[in-house]
Amino acid sequence: MASTLPLWILVITALALTAWRSRRYAFALANAPAAARFDRPMLRLQGVMVAIGMHRKMLRKPLSGVLHAIIFISFFVLFTATIDTFGSRLFPGFSLAPIGGETWIAALQDVFSVLMLVGVGLALYQRYVLRPARFDGSSGSDAAIIYVLIVLIVASLLLEAAARIAGGADGSWRPVASALAGLLDRAGIPAHQGEELFYWAHVGAILAFLVYIPGSKHRHMFLAAPNIYFRSLEPRGLAPAVPEAREAPGIDSLGQFDWKQQLDLLSCTECGRCQAVCPAYAAGLPLSPKLLITDMRDALAVGSSAAPLVGGVISEETLWACTTCRACMEACPVEIEHLPKIIDMRRHLVDEGRVGPGLQEALSNLTRLGNSMGKPSKMRARWTRELGFPVKDAREEPVDVLWFVGDYASYDPRVQEITRKVAELLTAAGVDFGILFDAERNSGNDVRRAGEEGLFETLAQSNIDEIKACSFNRIMTTDPHSLNALKNDYQHFGATFEVLHYTALLAELIAAGKLDLHVADGARVTYHDPCYLGRYNGGFDAPRELIRAAGYTLHDMPRCRENSFCCGAGGGRIWQGDDGVTERPSENRIREALGLGDVAYFVVACPKDKVMYTAAIDALGVADRLKAVDIAELLVPRTSQALEMPPVETS
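Position in the sequence shown counted from 1, then plus 65, gives you the numbering used here.
What follows is the structure, given as structure tokens:
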């Protein structure tokens, strides 16, 4: 066929241009450090099927999910037309007709051409009419070019089929193209010339799309599935270890990131879901998880001429703004791993001594005294003195439950009363428990995520040594941050413990009939899911079971469970100032609770949350309408006085 050679030339040229535009990214991935991401292939494949086939995360935003599903499915159906378009002329005699190319496949192409246009129309409506805030910072021009190319591909496909029908081809399986054939005829467009014109327009649009893709966020069409497949299968709470081959703890160049971390950068869709859930971004701090990724992606594109990574491409203020809440990773539909990158770049800053005064003071206290408050170790168990019973020293006698208390629960006066309350509940249930007294050190969870890997290792090893010297069956902690370190991060040292959050243990005791509670009158409360209990470790149900067992009615906030909004304390943020903050995340969260209108208690299950939300309620001046209480304060044994509810503003 006369057009075979020109088509071969066009295809080869387009493929060469695509390869040339992809060269920097391919070179970067090929030369990146190794990453162990090839284990458990069936589990990885299952994740791809759920994420892409079922659009699990995409459908959390219904309009976006539906329009993306329409475009996604239409793409695969219309790919049959692409195969036929190129195959029939590059390889004379090739045709899809024997398998239904002119019947059921033709009908599907007709229908899904219309659906593709509907999907693009919905996308245009969302981007240019609704204008979600999460698109701020995304490339509008890139999206517009892609929309235009898709419309050209689909329109030329339909018009080519219409021209064939106008020339006498059977149109019984193509109702849409048949209708267009009548329009072409009335417009006076000759059938044969029209077919050729629209054929080459179709070819040109497809090849232009192919060449454009390497420089577009729509690379995710080809990279999303691999990026999801190679996602981390480690426990969510396990921070990245420093590879033995790395000369320094942190990272200060893109080339130091392993190939999966670099693949993340290329897979970003700029959908802004991570940005929409980021507490730092909402607080006005200079961190957008989306822009963090796209800024590094753009730097990767220019190679060695880029500015220094830390303090150049990514500012120090951006890195220190992160609360490590993991909401960005939970929201990302293509499994981009933001936090490992932030932690590795923070490690570089700490190694260089580039930390703020608040964080520096906390790290100094932790180095000298094992806690961030700068309190003597001998004061760690002083809270036990006001109890009416002794607390066992787990270092000296066997216990069933070893209670790792944590810094805030041990030292902060605003939390010590809750710590005593937990001790009383355990005693009322007959639990044989003990603590480490002055041998306990900070778990190191936030130290590690602030980038001080060496100090984390020192704290962790000290705690591991003390814990292993004790005789116990399992560990309990009231602090989700400590829970995460003990359960996950300590695995890096070969220490595997059974660790429970106190809500899980108390729920277990109630279910076993060992703790009989006074039942409240069904008053409505709301509950805040702590990041390190819920999103990191799946502890969603036990706190809710306790609230119900205590006789309260739970009214969840719109952002709850996996979508909970961080208090703003994690990742070392509690040790830093509020410079640049327009609204504290804790105050944002209290406003959300107040919006429910009918709750008196803001229930928490984390010592830091008790501190943060009590302060937020005071700062907002709403103490007469809402009170932050720990779950333990709701649990009143029948022999004790029930908790009095504060008055609720009803206006």
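Ideal placement from N, C-alpha and C gives every residue a C-beta, glycine not left out.
Give me the residue from the options with the minimum Cα distance to residue i.
{"i": "A162", "options": "D235, N96, Q191, A488", "result": "D235"}
{"i": "G578", "options": "R703, K282, R445", "result": "R703"}
{"i": "D511", "options": "G635, P351, V179", "result": "G635"}
{"i": "D323", "options": "A364, L94, R654, R613", "result": "L94"}
{"i": "P422", "options": "D644, A226, L467, M444", "result": "D644"}
{"i": "I682", "options": "E652, A459, R199, Y617", "result": "E652"}
{"i": "D554", "options": "E517, S536, G509, P595", "result": "G509"}
{"i": "I532", "options": "Y601, A459, G495", "result": "A459"}
{"i": "P98", "options": "C632, L303, A310, I230", "result": "A310"}
{"i": "A585", "options": "F562, G599, A569, T618", "result": "T618"}
{"i": "A607", "options": "L182, A588, V480, T568", "result": "T568"}
{"i": "L570", "options": "N549, T542, D594", "result": "T542"}
{"i": "L224", "options": "P255, Y601, D663, T389", "result": "P255"}
{"i": "L108", "options": "E299, S139, R284, L80", "result": "E299"}
{"i": "C397", "options": "W448, C343, P373, P441", "result": "C343"}
{"i": "I639", "options": "D674, S129, L598", "result": "D674"}
{"i": "L501", "options": "V487, G253, V213, I540", "result": "I540"}
{"i": "S63", "options": "F151, V183, K406, A560", "result": "Residue 63 lies beyond the residue range present for the chain, which begins at 66 and ends at 716; the question has no answer from this structure."}
{"i": "C336", "options": "G202, G516, I135", "result": "G202"}
{"i": "G315", "options": "A680, M114, F498, G519", "result": "G519"}
{"i": "L330", "options": "A146, P405, G377, L262", "result": "P405"}
{"i": "M444", "options": "R89, S475, T432", "result": "S475"}
{"i": "L699", "options": "M361, R229, I612", "result": "I612"}
{"i": "Y294", "options": "L75, R89, L110, C631", "result": "L110"}
According to DSSP, simplified to helix, strand and coil, what is residue i?
{"i": "R196", "result": "coil"}
{"i": "L80", "result": "helix"}
{"i": "F537", "result": "coil"}
{"i": "H566", "result": "strand"}
{"i": "T723", "result": "Residue coverage of the chain in this structure runs from 66 to 716, which leaves residue 723 outside it and unanswerable."}
{"i": "D530", "result": "helix"}
{"i": "L303", "result": "coil"}
{"i": "T591", "result": "strand"}
{"i": "I500", "result": "strand"}
{"i": "D360", "result": "helix"}
{"i": "D458", "result": "strand"}
{"i": "T168", "result": "coil"}
{"i": "F351", "result": "The amino acid occupying residue 351 in the given sequence is Pro; Phe does not appear at that position. Three-state result, P351: coil."}
{"i": "L582", "result": "strand"}
{"i": "L700", "result": "coil"}
{"i": "T618", "result": "strand"}
{"i": "G368", "result": "helix"}
{"i": "L661", "result": "coil"}
{"i": "L598", "result": "coil"}
{"i": "P240", "result": "helix"}
{"i": "Q641", "result": "coil"}
{"i": "T561", "result": "coil"}
{"i": "T69", "result": "helix"}
{"i": "M647", "result": "Residue identity check: residue 647 is Thr in the sequence provided, not Met. T647 falls in the coil class under three-state DSSP."}
{"i": "C343", "result": "coil"}
{"i": "L217", "result": "helix"}
{"i": "A446", "result": "coil"}
{"i": "A488", "result": "helix"}
{"i": "T715", "result": "Because T715 carries a pLDDT of 38, less than 50, the predicted location of this residue cannot be relied on, and no value is offered for it."}
Should residue i be flagged as near chain D, meaning a C-beta pair shorter than 8 angstroms?
{"i": "Q340", "result": "Among the chains of the structure shown, chain D does not appear; only one protein chain is present."}
In terms of DSSP beta bridges, what is residue i paired with?
{"i": "T432", "result": "Bridge partners of T432: none, in fact."}
{"i": "A693", "result": "F667"}
{"i": "F469", "result": "T542"}
Around the C-beta of residue i, are 16 or more other C-beta atoms found within 10 angstroms, so that it is buried, or is it exposed?
{"i": "G435", "result": "buried"}
{"i": "T78", "result": "exposed"}
{"i": "S237", "result": "exposed"}
{"i": "R412", "result": "buried"}
{"i": "S716", "result": "Here S716 scores only 35 on pLDDT, less than 50, and its place in the model is too uncertain to base an answer on."}
{"i": "W385", "result": "buried"}
{"i": "H593", "result": "buried"}
{"i": "Y190", "result": "exposed"}
{"i": "N538", "result": "exposed"}
{"i": "P595", "result": "buried"}
{"i": "P545", "result": "buried"}
{"i": "P308", "result": "exposed"}
{"i": "G587", "result": "exposed"}
{"i": "P712", "result": "Low local confidence applies: a pLDDT of 48 at P712 is under 50, so the model's placement there is unreliable, with the coordinate-based value given in what follows. With fewer than 16 Cβ atoms within 10 Å of its Cβ, P712 is classed as exposed."}
Problem - Every unbroken alpha helix (DSSP H) inside the stretch 250 to 290 [4 residues or more] - result: 256 to 277
Exercise for the section: Go through the stretch 370 to 423 residue by residue and report every complete run of the beta strand (DSSP E) that reaches 3 residues or more, in order. Expected result: none
Practice task
Just list the beta strand (DSSP E) runs in the stretch 108 to 157, keeping only unbroken ones of 3 residues or longer that don't cross its boundaries, in chain order.
Solution key: none
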